[in-house]
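According to our numbering, the sequence shown is numbered sequentially starting from 40.
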Amino acid sequence: MPKRRLGVALLLPPPLGREVDTLRRACDDGALGRIPAHLTLVPPVNVREDAMDDALGVLRGAAAAVRPFSVQLGPPATFLPDNPTLYLAVSGPGLDAVRALRDGVFREPLKRPLTWSFVPHVTVADEMDEPR
């Protein structure tokens, strides 16, 4: 059965996305230009073609259950010593909505085993060699 690779993310509004891209550029983020600034809810997962309608139903249901929200980004942090990713923390009054939305979309057929627990964040750079 053919599969599709899907991920679920919240894209940042353009003015904020451009600011985050400035930070990404300064940190030599290799994904800059390929992947827009975003907050990942479900990392890439393979979904069977025959489960695509179910996946879209999960996304629609989760989106309908959450009202519009705003979050704050920062301060910068890392996942060291476990992972050298530099990120902007997510906080503010919309943090509970982010978690609720993530819980709503992280279910079959989009659910997958994870190495790390969910930490709402916007990645600035993966694989940072040294602090800047």
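Virtual Cβ for every residue (Gly too), placed ideally from N, Cα, C.
Here's the rule: buried if 16 or more other CB atoms are within 10 angstroms of the residue's CB, otherwise exposed. What is VAL158?
With fewer than 16 other Cβ atoms inside 10 Å of its own Cβ, VAL158 counts as exposed.
For ARG141, the three-state DSSP class (helix, strand or coil)
helix
Which one of ALA164, ALA102, ASN85, SER109 has the shortest CA to CA distance from THR117?
Among ALA164, ALA102, ASN85, SER109, the Cα nearest to that of THR117 is on ALA164.
For PRO123, which of ASP68, PRO83, LEU98 has the nearest alpha-carbon?
ASP68
Note down, in chain order, each residue of its chain lying with its Cβ closer than 6 Å to the Cβ of ARG151, except the 5 sequence neighbours on either side.
VAL84
Do ARG146 and VAL97 count as a contact pair if the criterion is CB distance below 7 Å?
yes
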